[in-house]
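In my numbering, the protein residues as written are 202 to 449.
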């Protein structure tokens, strides 16, 4: 039922799953809570880049997990979550795509200005890909000035709000900002950003909360509508889909 575009269930040396066994437990729990498509998105940090050796380990771990959880009805796909860094401005950004989608997931920084993030997003767009901006509701710059998020959405960039934010797990300001963006129709995706058993990749509780406030409009935020379009028609089709979500 659910498409989850953001999780850290594949062991990769970041702050997500530490072992294949832990990753398997997280994946099976996600499936049991209604997720049918789950993107594993290991962090790409300035201090932990995607070297060829690290990428090989990640892809091998993903392949092993994907084979095991297929029997649970879970389609486990691989992408990456970029942290804005100057080095990305010179990188081949297509290597960070979300599976076979023409999209790249990038987080907005929790603190500080958004200028570098905006430049990286423009580079992603210049490469013919769609920026998916992770947890804008947790970024101080957006909390202080929510209009920044609207400007990004109006450029056709997809906003992904965390399920844990709308449930209040990150404090009052991210919760209020998350709901504001949702109610203004600026959000295209709600995702778990699940990391470990203490922060699992679940979407069901958030779905019920959003559906209570937004009605049937919640469905498109959880069923991957914006992403499904990327699989078929690419950038132009996605812009139309994102606009439909925002207008709905």
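C-beta: ideal position from N, C-alpha, C; glycine also.
8 angstroms contact criterion, which residue i and residue j should meet: CB distance rounded
i           : j           : result
residue 290 : residue 245 : Going by Cβ atoms, the distance from residue 290 to residue 245 rounds to 14 angstroms, so no, they are not a contact pair.
residue 266 : residue 221 : 7 angstroms
residue 350 : residue 343 : 5 angstroms
residue 427 : residue 390 : 6 angstroms
Exposure label - residue i; buried when at least 16 CB within 10 Å
i           : result
residue 339 : buried
residue 406 : exposed
residue 202 : exposed
residue 207 : buried
residue 448 : For residue 448, the predicted model reports a pLDDT of 32, less than 50, meaning its position is unreliable and no value from the coordinates is stated.
residue 398 : exposed
residue 441 : Confidence in residue 441 is poor, its pLDDT being 38 and thus under 50, which makes the residue's placement unreliable; the coordinate value appears in the next sentence. The residue in question, residue 441, is exposed, as its Cβ has fewer than 16 Cβ neighbours within 10 Å.
residue 319 : buried
residue 248 : exposed
residue 370 : exposed
residue 288 : exposed
residue 413 : exposed
residue 437 : Interpretation of residue 437 is limited by its pLDDT of 41, a score under 50 that renders its predicted location unreliable; the figure taken from the coordinates is listed afterwards. Classification for residue 437: exposed.
residue 280 : buried
residue 296 : exposed
Opposing strand residues paired with residue i [DSSP bridges]
i           : result
residue 332 : 305
residue 391 : 362
residue 245 : 283
residue 345 : Partner(s): none; residue 345 has no beta bridge.
residue 154 : Because the chain is modelled from 202 through 449, residue 154 falls outside the range shown and cannot be assessed.
residue 208 : 395
Best match in the options for proximity to residue i [C-alpha to C-alpha]
i           : options               : result
residue 315 : 285, 332, 324 and 333 : 285
residue 388 : 308, 333 and 325      : 333
residue 410 : 366, 396, 430 and 374 : 366
residue 328 : 310, 256 and 294      : 294
residue 270 : 424, 297, 239 and 251 : 239
residue 251 : 223, 404, 325 and 215 : 215
residue 401 : 317, 231 and 211      : 231
residue 325 : 249, 235 and 308      : 308
residue 304 : 227, 323 and 288      : 323
residue 205 : 234, 247, 223 and 219 : 234
residue 432 : 370, 321, 416 and 298 : 298
residue 341 : 379, 357 and 419      : 379
residue 394 : 363, 418, 257 and 376 : 363
residue 346 : 331, 317, 312 and 361 : 312
residue 416 : 390, 425, 384 and 404 : 384
residue 422 : 377, 376 and 361      : 361
residue 255 : 212, 273 and 392      : 212
residue 386 : 429, 355, 392 and 302 : 355
Residue i - containing beta strand (DSSP E), residue span
i           : result
residue 277 : 276–279
residue 378 : Run containing residue 378: none in the beta strand (DSSP E); it sits in the alpha helix (DSSP H), 373–384.
residue 238 : 236–241
residue 203 : 203–205
Residue span of the alpha helix (DSSP H) that contains residue i, given as start and end
i           : result
residue 405 : 405–415
residue 423 : 420–423
residue 322 : 316–327
residue 220 : Taken as a continuous stretch (DSSP letters only), residue 220 belongs to no alpha helix (DSSP H), as it is neither H nor E.
residue 479 : Any answer about residue 479 is impossible in this case: the structure gives the chain only from 202 up to 449.
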